[in-house]
Amino acid sequence: MNITMSWQLLAVASAMFAAMTAILGKIGVAQINSDLATFVRTIVILLVTALFLTARNEWQKPMLENWVAWACLLASGVTTGLSWLCYFRALQLGPVSMVAPIDKLSVALVMLIGWFALGEPLTIKGMLGGTLIVSGTLVLLF
853 MNITMSWQLL AVASAMFAAM TAILGKIGVA QINSDLATFV RTIVILLVTA
903 LFLTARNEWQ KPMLENWVAW ACLLASGVTT GLSWLCYFRA LQLGPVSMVA
953 PIDKLSVALV MLIGWFALGE PLTIKGMLGG TLIVSGTLVL LF
């Protein structure tokens, strides 16, 4: 399975799947503890990812000498888990139409952190987009 896609197409697909995640997650946590729901979701993600790795023959021996990469991946896993636990609890307690936009404030935060920590360019277009994301979230909140 060798599918070549642009990062833009993959980003749009990610957004579509994230939207489905919010809706299906909201329905799923209606009668189930949100932490258990996150656990089940995590197992499913593990299985789907293992299927992708197998189908694309992408399993490889870990290169342990790159400890910075491994430390960042492990920290990313911890922050992902914490994000999911908070997100599913928020979905359980609040309306999906409010939880999801607030969660997407991460886009503006990533833009700032990418500029500050990774040296990515912070353009006028990027600043305007980030400002609109934050403004839109504030409009929904108040």
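Residue numbers for the sequence shown, in our numbering: 853 to 994. Don't be surprised by glycine CBs; every beta carbon is placed ideally from N, CA and C.
| Opening and closing residue of the alpha helix (DSSP H) in which residue 978 lies | Residue 978 -> alpha helix (DSSP H) spans 976-993.
| query | From residue 902 to residue 910, what does the alpha carbon distance come to, in whole angstroms? | reply | Each residue's Cα considered, the two are about 10 Å apart.
| query | Leaving out five residues before and five after residue 933 in sequence, what residues of the same chain have Cβ atoms less than 8 Å from its Cβ? | reply | So the qualifying residues of the chain are 890, 894.
| query | When you compare only the Cα positions, how much space is there between residue 865 and residue 966? | reply | Looking at the two C-alpha atoms, the distance is approximately 22 Å.
| By Cβ distance below 6 Å, which residues in the same chain neighbour residue 944 in space, the five residues on each side in sequence not counted? | Counting only residues of its own chain and dropping the five nearest sequence neighbours on each side, residue 944 has a CB closer than 6 Å to the CB of 881, 886.
| field | Own chain partners of residue 953 with C-beta closer than 6 Å, once the 5 adjacent residues on each side are dropped | value | Once the five neighbours on either side are set aside, the close Cβ partners of residue 953 are 989, 992.
| message | Could you compute how far the alpha carbon of residue 931 sits from the alpha carbon of residue 920? | response | Approximately 16 Å, taken between the alpha carbons.
| residue 911, DSSP secondary structure in three states | Coil at residue 911, not helix or strand.
| Buried or exposed (CB count within 10 angstroms, at least 16 for buried), residue 878 | With 16 or more Cβ atoms within 10 Å of its Cβ, residue 878 is classed as buried.
| message | Quick check: the Cα distance between residue 917 and residue 924, rounded to an integer number of angstroms? | response | Rounded to whole angstroms, residue 917 and residue 924 show a C-alpha spacing of 14 Å.
| Is residue 907 buried or exposed, if buried means 16 or more other CB atoms sit within 10 Å of its CB? | With a 10 Å radius around the Cβ and a threshold of 16 neighbouring Cβ atoms, residue 907 comes out exposed.
| task | Rounded to whole angstroms, what's the CA-CA distance from residue 969 to residue 962? Just pull it up for me. | result | Annotation: residue 969 to residue 962 spans about 10 Å, alpha carbon to alpha carbon.
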